[in-house]
Amino acid sequence: MEVKSEKQIVKPRIGIYGFTGCAGDQLLIIHTEDQILNLFDAVDIKSFVMASSNPTEGELDVAFVEGSISTEEEREHIKEIRDRAQIVVAMGNCAVAGGPQAMFARDGSFAERIKQVYGDVKFITDPVEATPIDEVITVDYYLPGCPISQPQTMALIGRLIHGVEPEDITTPVCLECKLNENKCLLNDKKLCLGPVTMGGCGSACPNYGLPCVGCWGPNKDGNFSELFRLLNSFGIAHEEVMRRIRNYGGHKILKYIEDIKDKER
Ligand code: SF4
Ligand code: SF4
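Be aware that the sequence shown starts at 201, since it is given in our numbering, and climbs by one per residue.
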């Protein structure tokens with residue numbers, strides 16, 4: 201970040217953008233009520249779709265982008281944001297993995313599904329199959345979650361503001377679940393996706409005895425084939441596991457389960 205003098209530090213210029221999604225990640229930032237005033241004091245918010253009616257569209261130090269890319273217009277807009285931002289952060293499951301709207305990604309039925317839902321409606325801008333933003337532009341950092349968590353978000357923003365490289369999130373939900381001393385639901389033969397899901401939610405669901413459905417998105421270090429094998433050994437049908445894992449897996453899940461799909465052919 202630019203320093204004008206010893207006493208006058210130029211605040212980082214931030215843009216917060218929303219593409220196709222529920223806007224829950226922007227809402228979470230607004231709901232960080234105990235920290236938002238400090239945040240607004242520490243940065244120069246140039247654009248915040250949900251919170252500001254007076255955006256400016258110049259150069260940015262950091263762009264936070266929520267939502268998947270699902271129209272030709274959005275493809276052009278995200279490229280334009282990339283061109284003027286030094287750092288781009290994908291924020292939330294839709295931007296990181298494609299979101300639930302990408303659960304049938306690349307199954308070849310996109311045109312048919314559009315027709316089923318919208319019939320002969322004429323679109324203002326051409327719809328495209330929903331993709332995570334890193335299929336269109338280069339992304340520097342990822343904030344997973346549906347929605348993102350306050351501690352992970354504030355930690356990442358704090359690091360960026362102070363010029364410290366943010367940490368990559370690689371641990372699974374199971375780690376947090378063990379730290380919270382929960383009984384593992386796999387012992388009860390439940391369909392829990394904790395072993396292959398990115399951590400950060402504090403094992404919110406298993407804390408209440410509910411299996412993880414994977415809303416933090418797939419963890420690249422997860423042993424997907426072993427989890428499939430284990431769940432199948434419980435008598436849970438392969439199709440049911442696949443359907444569950446694809447809910448929030450979007451495009452990202454495809455490469456992790458490719459070998460499992462290959463075995464089916
Ligand atoms: S309950 Fe789920 S998240 Fe917790 S340890 Fe077991 S598999 Fe992992
Ligand atoms: S579904 Fe999994 S990743 Fe999502 S909040 Fe629940 S435990 Fe966390």
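For each residue, glycine too, the CB sits at the ideal point set by N, CA and C. Predicted, not measured: the structure shown is a model, and the values here were computed from it.
Query: Reference E420; option with closest CA among K389, T397, A404; Result: Residue 420 is actually Lys in this sequence, not Glu. The shortest C-alpha separation from K420 is found at T397.
Query: Counterpart residues of Y318 in DSSP-defined beta bridges; Result: Bridge partners of Y318: none, in fact.
Query: Three-way DSSP call (helix, strand, coil) for P351 in this model; Result: helix
Query: Span separating the alpha-carbon of E233 from that of G308; Result: 44 Å
Query: Beta-carbon gap between V265 and A290 smaller than 8 Å; Result: yes
Query: Sequence-distant residues of its chain with Cβ nearer than 6 Å to Y456 (five each side left out); Result: P418, F424
Query: Burial state of E376 (16 or more Cβ within 10 Å); Result: buried
Query: R313 - DSSP class collapsed to helix/strand/coil; Result: helix
Query: Ligand 2 heavy atom lying under 7 Å from the CB of P406; Result: yes
Query: Three-state secondary structure assigned by DSSP to E206; Result: For E206, the predicted structure reports a pLDDT of 46, less than 50, and the residue's modelled location is therefore unreliable. A value from the coordinates is still provided. Coil.
Query: Assigned exposure category for S205 - 16 Cβ within 10 Å defines buried; Result: Bear in mind that the predicted position of S205 carries a pLDDT of just 47, short of 50, making it too unreliable to give a figure here.
Query: Beta-carbon proximity check, A263 vs I236, cutoff 8 Å; Result: no
Query: C-beta atoms of I369 and P344 nearer than 8 Å; Result: yes
Query: Beta-ladder partner(s) of F522, from DSSP; Result: Nothing about residue 522 can be read from this structure; the chain reaches only from 201 to 465.
Query: Cβ pair I472, I245 closer than 8 Å; Result: The chain is shown only over 201 to 465; residue 472 falls outside these bounds and no answer can be derived.
Query: Those runs of the alpha helix (DSSP H) which lie wholly inside the stretch 426–453 and span at least 4 residues; Result: 438–447
Query: For F240, the first and last residue of its enclosing alpha helix (DSSP H); Result: 236–242
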